[in-house]
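Residue numbers (this note's numbering): 95 to 178.
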């Protein structure tokens with residue numbers, strides 16, 4: 095099981111109530127399931143609209159169950175942003 099950091103931005107940060115927190119998970123799906131369990135309520139809805147970076151690389155349309163997390167890695171949770 096890998097340990098790393100989840101960083102929440104904008105609406106995800108507001109919904110989670112924290113800017114970042116540790117994860118212990120093998121896949122992105124497991125890390126997000128734990129985040130939903132740790133922050134019941136609004137975060138689940140926000141996560142459905144987010145995109146994700148794993149160690150700086152976009153997840154894109156890959157299934158979250160197939161995205162492996164590395165020891166010491168970082169998951170960036172990026173809600174849609176307005177403006178430019």
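For every residue, glycine included, the Cβ atom is placed at its ideal position computed from N, Cα and C.
Over the uninterrupted alpha helix (DSSP H) stretch that includes residue i, give me the two end residues.
| i | result |
| --- | --- |
| residue 171 | Segment 168-172 is the beta strand (DSSP E) holding residue 171; no alpha helix (DSSP H) there. |
| residue 136 | 136-142 |
| residue 126 | 122-132 |
Less than 6 Å between C-beta atoms, sequence neighbours within five positions excluded: which residues of the same chain meet that for residue i?
| i | result |
| --- | --- |
| residue 115 | 100 |
| residue 105 | 140, 173 |
Buried or exposed: which applies to residue i, given that a residue is buried once 16 or more other Cβ atoms fall within 10 Å of its Cβ?
| i | result |
| --- | --- |
| residue 98 | buried |
| residue 146 | buried |
| residue 113 | exposed |
What's the C-alpha gap between residue i and residue j?
| i | j | result |
| --- | --- | --- |
| residue 160 | residue 119 | 12 Å |
| residue 132 | residue 124 | 12 Å |
| residue 140 | residue 108 | 10 Å |
| residue 164 | residue 149 | 9 Å |
Take residue i and list the residues in its own chain whose beta-carbon comes closer than 8 Å to its own, dropping the five residues that flank it on each side.
| i | result |
| --- | --- |
| residue 103 | 170, 171, 172, 173 |
| residue 95 | 118, 119, 120 |
Can you name the start and end residues of the beta strand (DSSP E) that residue i belongs to?
| i | result |
| --- | --- |
| residue 164 | Element bounds for residue 164: n/a, residue is neither H nor E. |
Considering only the alpha carbon of each residue, which of the options lies closest to residue i?
| i | options | result |
| --- | --- | --- |
| residue 175 | 155, 144, 126 | 144 |
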